[in-house]
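What follows is one structure encoded as structure tokens, with my remarks underneath.
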Amino acid sequence: MRSQWGDSGPVNLDDTRLEEMTPEPLLTRDYETRPGLVYERLRQRHGPVAPVDLLGVPAWLVLGYRESLQVLQDDAGWPKGLENWRARSEGRVPADWPLGPSLEVNHVLIQGGPGYRPLRVAWDMALKPFQDPGHPQARRLKKAVTDYTDELIGLMGQGGNTGLADLSAQFSRPLPLMVASRLLGFPGSQGDDALMDMWRVLDAGPDAGPALERLLTTLAELAAAKLDRPGDDFPSYLMAAHPGLSVDELARELFMLLGMTSDHVGILISNTVVEVISGEGGVRASLSAGMVRETMNRVVMRKPPLVNFVPRFAAKDMALGRYTIRAGDPVWVSSAAAHADPLFAGSVCPNTTVSTRAHLSWGAGPRQCPARELASTVASVAAGRLFERFSHLELALPVDQLPWRSSPFMRGLRSLPVRYELVPVPGRRLAYDQAIPSAKTDPPDPPDPSARQRSSLWRYLTGLIRTGG
0 MRSQWGDSGP
10 VNLDDTRLEE
20 MTPEPLLTRD
30 YETRPGLVYE
40 RLRQRHGPVA
50 PVDLLGVPAW
60 LVLGYRESLQ
70 VLQDDAGWPK
80 GLENWRARSE
90 GRVPADWPLG
100 PSLEVNHVLI
110 QGGPGYRPLR
120 VAWDMALKPF
130 QDPGHPQARR
140 LKKAVTDYTD
150 ELIGLMGQGG
160 NTGLADLSAQ
170 FSRPLPLMVA
180 SRLLGFPGSQ
190 GDDALMDMWR
200 VLDAGPDAGP
210 ALERLLTTLA
220 ELAAAKLDRP
230 GDDFPSYLMA
240 AHPGLSVDEL
250 ARELFMLLGM
260 TSDHVGILIS
270 NTVVEVISGE
280 GGVRASLSAG
290 MVRETMNRVV
300 MRKPPLVNFV
310 PRFAAKDMAL
320 GRYTIRAGDP
330 VWVSSAAAHA
340 DPLFAGSVCP
350 NTTVSTRAHL
360 SWGAGPRQCP
370 ARELASTVAS
380 VAAGRLFERF
390 SHLELALPVD
400 QLPWRSSPFM
410 RGLRSLPVRY
420 ELVPVPGRRL
430 AYDQAIPSAK
440 TDPPDPPDPS
450 ARQRSSLWRY
460 LTGLIRTGG
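When you number the sequence shown by numbering that gives the first Met the number 0, it's gap-free, plus one each residue, and the end is 468.
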């Protein structure tokens with residue numbers, strides 16, 4: 000033990016090395032069902048930073064809001080990049096570590112070192128047409144999200160104007176993948192197999208490994224096609240902004256956009272729906288006033304989709320919380336735990352309809368999520384349109400019995416069963432595989448509806464249709 004002066008007086012620092020500790024496992028049954036209690040137990044025992052075991056590998060978990068900002072805002076002191084991980088370079092991370100595959104795909108979310116900055120600048124440039132409200136691409140994308148919402152709701156409605164549905168499987172999970180497929184410029188419905196493989200990877204089941212291999216191969220083929228014939232889509236814009244990207248490097252960036260954005264947006268949509276239909280009158284009032292974004296901000300305060308950020312590493316021995324973090328130690332910032340930190344949560348008014356913007360759901364500092372505006376727009380447009388299309392929507396289970404799925408990174412609903420009544424809306428539906436017309440071209444001809452019905456994704460969604468009053 001040694002003492003250091005902190006904000007509230009002297010702090011006794013524990014200098015025990017991480018590899019000499021016996022930390023408790025984080026990813027337990029308690030963590031899946033009641034993560035808040037796990038965070039609080041760790042906070043009581045260790046303070047704002049705790050040693051944890053991540054499936055056999057020790058790491059530091061940052062629980063405090065102030066400490067989280069300290070790490071996230073100091074990219075030099077707490078860099079990303081697996082090359083900075085001392086235990087990995089010393090061969091102490093098992094080759095079959097379950098989290099290895101997801102961290103070894105070296106894209107903009109993971110990457111450190113001198114290559115990160117030009118890559119991040121390219122990401123910002125490539126996403127700008129889709130995130131700038133005044134750009135034609137952004138306006139077309141919002142229209143497309145509304146059309147996709149109508150199409151998925153129309154498919155549910157084939158079982159009748161009233162019925163039972165799983166809004167997670169039938170709406171909030173497929174919709175952002177459909178948007179991502181459009182952003183990536185998959186021709187027609189050819190991206191559907193990739194979307195299904197993305198689900199398998201995100202669910203981390205026994206077929207996740209083969210699915211990841213197939214997905215990366217598909218994305219490499221798409222990257223090669225865009226290199227040969229650029230279009231008005233994200234991969235083409237990214238290559239234009241970063242001409243040095245190889246096909247494999249571009250495929251890894253497309254994997255990041257497809258995976259992280261899709262799962263994050265899908266969970267955000269589901270959580271917003273639950274907040275509205277199970278919340279107090281003030282929640283419904285704020286939504287009816289058009290304040291969907293405010294509802295979403297309250298949601299990410301209490302139930303952020305991304306609960307733990309990918310690891311950073313101490314650049315040198317540094318004090319954090321009650322411990323000395325050694326150079327090369329992995330440090331995982333938990334946004335969910337930071338939001339529950341009494342020093343932060345106690346300053347947030349729970350009843351206001353205007354939410355704080357101080358949440359960490361998109362990160363903080365120079366590496367804040369580059370797609371945060373895109374993801375927020377997709378989720379808010381989808382949720383807003385959803386409540387326009389249903390005249391009645393209620394949970395088919397008590398809110399405390401909804402099943403959750405947790406991973407080291409994300410936390411979302413396994414299913415969202417609802418009873419619904421639809422508001423019939425006449426008019427033509429736009430198939431989601433219809434290309435976005437660019438500003439330079441005429442609108443394309445309507446697609447062949449039979450092609451959509453033959454796709455793997457649509458067959459899966461059709462099989463989920465249920466009827467009932």
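Glycine is no exception: its CB is placed at the ideal position from the N, C-alpha and C atoms.
Check: Status (buried if at least 16 other CB within 10 Å, exposed otherwise) for D196; Outcome: buried
Check: 6 Å CB neighbourhood of R292 in its chain, flanking five on each side removed; Outcome: S379
Check: Distance, P397 Cα to R91 Cα; Outcome: 45 Å
Check: Endpoints, the beta strand (DSSP E) within which D165 is located; Outcome: 161-165
Check: Spatially closest choice to P24 from E274, L12, M409, W59, by CA coordinates; Outcome: W59
Check: Reduced DSSP category for V330 - H, G, I as helix; E, B as strand; rest coil; Outcome: strand
Check: Per-residue burial, Y431 [other beta carbons within 10 Å of its own, 16 or more giving buried]; Outcome: Unreliable positioning characterises Y431 in this predicted model, as indicated by a pLDDT of 39, which lies under 50. The coordinate reading is nonetheless provided below. Classification of Y431: buried, given that the 10 Å Cβ count is 16 or more.
Check: Contact under 9 Å by Cβ, H106 with M255; Outcome: yes
Check: Helix, strand or coil at V56 according to DSSP, with G and I counted as helix; Outcome: strand
Check: Outcome for R16 when other beta-carbon atoms lying within 10 angstroms are tallied against a minimum of 16; Outcome: exposed
Check: Complete beta strand (DSSP E) runs within the stretch 54-126 (minimum length 3 residues, chain order); Outcome: 56-61
Check: CB contact flag (V272, L102, <9 Å); Outcome: no
Check: Exposure label - Q400; buried when at least 16 CB within 10 Å; Outcome: exposed
Check: A75 versus R301, P304, P113, L108, residue with shortest Cα-Cα distance; Outcome: P113
Check: DSSP-derived helix/strand/coil call for W457; Outcome: helix
Check: Continuous alpha helix (DSSP H) stretch holding L392: start and end; Outcome: L392 -> not in any alpha helix (DSSP H); beta strand (DSSP E) instead, spanning 389-394.
Check: Burial state of T217, where buried means 16 or more other Cβ atoms lie within 10 Å; Outcome: buried
Check: Status (buried if at least 16 other CB within 10 Å, exposed otherwise) for V120; Outcome: exposed
Check: First through last residue of the alpha helix (DSSP H) which encompasses M300; Outcome: 291-301
Check: Rounded distance between the beta-carbons of L412 and P402, thought under 8 Å; Outcome: 7 Å
Check: Cβ neighbour criterion (16 or more within 10 Å) applied to D462; Outcome: Asp is not the amino acid found at residue 462; the sequence shown has Gly there. Classification for G462: exposed.
Check: From F312, M238, S360, M317, residue whose alpha carbon lies closest to that of S333; Outcome: S360
Check: Neighbourhood of A164 by C-beta, 7 Å cutoff - its chain only, sequence neighbours within 5 removed; Outcome: M155, V417, Y419, R465
Check: Range of the contiguous beta strand (DSSP E) that encloses M409; Outcome: Segment: none, M409 is in no beta strand (DSSP E) and carries neither H nor E.
Check: Residues near A314 in its chain [Cβ-Cβ closer than 8 Å; skip 5 each side]; Outcome: A75, G76, W77, P78, N83, A326
Check: Beta-carbon contacts of V170 that lie in its chain and below 6 Å, excluding the five residues immediately before and after; Outcome: At residue 170 the sequence reads Phe, which differs from the Val that was named. Cβ within range, chain order: L151.
Check: Q482 classed as buried or exposed, judged by whether at least 16 other C-beta atoms fall within 10 angstroms; Outcome: Only positions 0 to 468 of the chain appear in this structure, which leaves residue 482 out of reach.
Check: Of the listed residues D232, L26, V144, L108, nearest to F185 (C-alpha basis); Outcome: D232
Check: Among L41, N296, L62, V422, nearest to N160 - alpha-carbon criterion; Outcome: V422
Check: Beta-carbon contacts of D444 that lie in its chain and below 6 Å, excluding the five residues immediately before and after; Outcome: Since pLDDT at D444 reaches only 38, below the 50 mark, its modelled position is unreliable, and no value is offered.
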